[in-house]
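Chains as they are written, first to last, in the numbering used here: chain A, 1 to 319; chain B, 320 to 709.
We put the CB at the ideal spot given by N, CA and C, even for glycine.
It should be emphasised that the depicted structure is a prediction, and the values quoted were computed from it without experimental measurement.
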């Protein structure tokens, strides 16, 4: 058996003229938390659906748990768990009824489900709510119950498609703890998200943009490799005016707005600070502070997706 | 052991039963609406023509003419609503829908009759409703005919020809529905119609709802086979609609006196086959639609109209143009109806309608196989998911 849980080779999906996923290739190691990052419509869900056998690829191949997604879809189904962004549960069934149904659909015996039940309920924090109708649960509970139903049959690989959408921050944190536990037990977790802060929890990341993978690696590698130039965070209440003034300057490699602050990429830190202050002074803007920051994945992402557009900065910063 | 038997019909079935039980609206829809519809249609859809309001213009005013009027008055087909002097008054009455027919007996009617001349009696009829118009004209002609016959025989008798008989005597006997009550004919048809509409809609909804909720996708990624899914969904719905069908049957007996003459198990067999066809059609519709609105529209289009018009429910199939007759082969209600009328009204055995049962079984298998194939084809799904994928 291969050392990889998932191997994808130039997987492509076209819908008519529209290429949703464009020759995507990557491997996912066993027990890893693999983050698939991108904006809405970048091709994340389409990729995950092809890997789960919900969509046929237009071209390319992939194996999941050692089984080809084209030739052995039924084998693939047995080794994966899937949780969609809607946390698809039956709202008119109780917690336990949902668990029993999904267990039954995977052909699990009643005894096996009974044995797993306390674990699922504990994991989801649903003890004492076994008989509640699912529709009465909060979003965080539904999310954990959906995960429980997806991993009931102890799959080797779990696909989570935007699992944290619409969930409060506390529940999100708790959910990521569960994902970590799964990984500790050598379950491969393939997770898509557009929350870039969540990507920090992943061992391995691919950034997907307009159907193509634009960057990949561990969060640390990505930051180190992609962003070589210092990034200055310029805080100002007139952030939008400041952005307008700076973006036209040739020495500004990249700039983007993050709330009330700008992230400005420059070639040299000291020189950059001086130039920013000078330029903003001409607009009558006095920044509250200018700090050099450690780039976040958001900076990496903006850097990578602006690159192929061919902006004037692109050529200068491309490694 | 971690995994149980490879046929996972059980969990789907249990889940479906639970959902139906909790969704009281759909349960009411499936059990009580059919009965309610039978009540409505059974009384409203009445092709019997009786108690036609009649006006009489008796310009003769003799004993003979009054006798003729009485002939009309004593049948249940006509009710004498008005006696007027001039035929001109009829116009107004008929325009205001006070009467639907009028009998005009001319002056010198009895005189002419006695003299052996043939007086003309005028019968006026509102033909706006062609169906009741024709029937009314038939009744009137029959009454006048028998009266005329009697008068002839009496006249012959007076001339010493008492032994004379009318040469041809027709004896009409109606089988299976001796009183020619349309309820008898309609109840089986209504049963087919109501069950078809309710069944198709409720199954289509039960699957499309899962698509809308996203639970269908969750099932697609599981090892559950499409056939197991369909059968698991089918069984609860067949059982519930069987209950509903019995309810309708009981109501037809209590309200319209339509009792099952034939073999009950034969009836059960054809009902199950028909129910599977209807459910299969619902599943098929659900595989090609994504929203409940579209599914509902398709259900209405493919059940209400064909079952009403193309099944032989109201209009006999053999009177239709050839092309339309070919289309009727895809209307399961057509086979069901023939079989149903045969069992309920005629009480005949399988030998009389085995071909219909065969066709019905064929249709049920065909539609189920098609549904399974449609569920399996992911390509179609992909194209329709395009908007979502973007």
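Euclidean distance between Cα positions of residue i and residue j
i	j	result
residue 375 of chain B	residue 437 of chain B	20 Å
residue 231 of chain A	residue 262 of chain A	10 Å
residue 114 of chain A	residue 539 of chain B	24 Å
residue 69 of chain A	residue 611 of chain B	32 Å
residue 331 of chain B	residue 175 of chain A	29 Å
residue 391 of chain B	residue 460 of chain B	11 Å
residue 293 of chain B	residue 641 of chain B	The structure shown does not extend to residue 293 of chain B, since chain B is modelled only from 320 through 709, so no value can be given for it.
residue 61 of chain A	residue 192 of chain A	20 Å
residue 16 of chain A	residue 26 of chain A	25 Å
residue 188 of chain A	residue 83 of chain A	14 Å
residue 295 of chain A	residue 544 of chain B	48 Å
residue 101 of chain A	residue 334 of chain B	7 Å
residue 553 of chain B	residue 95 of chain A	24 Å
residue 468 of chain B	residue 509 of chain B	42 Å
residue 313 of chain B	residue 111 of chain A	The shown model of chain B, from 320 to 709, leaves out residue 313 of chain B, and the question about it has no answer.
Residue i at chain B interface by Cβ criterion, 9 Å
i	result
residue 24 of chain A	no
residue 190 of chain A	no
residue 89 of chain A	yes
residue 102 of chain A	yes
residue 74 of chain A	yes
residue 186 of chain A	no
residue 168 of chain A	no
residue 97 of chain A	yes
residue 148 of chain A	no
residue 105 of chain A	yes
residue 312 of chain A	In this predicted model, residue 312 of chain A has a pLDDT of only 37, less than 50, meaning its place in the structure is not dependable enough to derive any value.
Host beta strand (DSSP E) of residue i (start-end)
i	result
residue 9 of chain A	4-15
residue 254 of chain A	254-258
residue 422 of chain B	420-424
residue 208 of chain A	204-209
residue 372 of chain B	371-377
residue 85 of chain A	Residue 85 of chain A -> no beta strand (DSSP E), and no H or E assigned at all.
residue 18 of chain A	18-29
residue 490 of chain B	Element bounds for residue 490 of chain B: n/a, residue is neither H nor E.
residue 441 of chain B	441-444
Cβ neighbours of residue i in the same chain (closer than 7 Å, five flanking residues each side left out)
i	result
residue 140 of chain A	167, 168 and 171
residue 77 of chain A	53
residue 200 of chain A	219 and 297
residue 43 of chain A	20, 21, 208 and 211
Cβ shell of residue i (< 8 Å), same chain only, five flanking positions each side left out
i	result
residue 388 of chain B	375, 377, 399, 422 and 424
residue 269 of chain A	230, 232 and 292
residue 447 of chain B	none
residue 531 of chain B	609, 610 and 611
residue 213 of chain A	24, 25, 26, 206 and 207
residue 50 of chain A	11, 13, 21, 56, 57, 62 and 69
residue 679 of chain B	589, 592, 593, 596, 651, 654, 655 and 658
Limits of the alpha helix (DSSP H) - the one that residue i falls within
i	result
residue 155 of chain A	Unbroken run through residue 155 of chain A: none, as it is neither H nor E.
residue 672 of chain B	No alpha helix (DSSP H) holds residue 672 of chain B; DSSP gives it neither H nor E.
residue 79 of chain A	73-79
residue 459 of chain B	449-477
residue 270 of chain A	269-282
residue 599 of chain B	583-607
residue 553 of chain B	545-575
residue 395 of chain B	From DSSP, residue 395 of chain B is part of no alpha helix (DSSP H); its letter is neither H nor E.
Any C-beta of chain A under 9 Å from that of residue i
i	result
residue 398 of chain B	no
residue 525 of chain B	no
residue 507 of chain B	no
residue 541 of chain B	yes
residue 522 of chain B	no
residue 330 of chain B	yes
residue 334 of chain B	yes
residue 536 of chain B	yes
residue 533 of chain B	yes
Contact set for residue i: own chain, Cβ-Cβ below 6 Å, skip 5 residues either direction
i	result
residue 597 of chain B	515, 518 and 519
residue 257 of chain A	239 and 243
residue 671 of chain B	661
residue 160 of chain A	83 and 191
residue 7 of chain A	27 and 63
Legend entry - the segment 546-566 of chain B contacting the segment 348-359 of chain B, beta-carbon criterion three pairs below 8 Å: yes
Legend entry - the segment 618-633 of chain B touching the segment 499-518 of chain B, judged by at least three CB pairs closer than 8 Å: yes
Inset, instruction - Report yes or no: do three or more beta-carbon pairs, one from the segment 148-160 of chain A and one from the segment 113-128 of chain A, lie closer than 8 Å? - result: yes
Legend entry - the segment 472-480 of chain B touching the segment 582-602 of chain B, judged by at least three CB pairs closer than 8 Å: no
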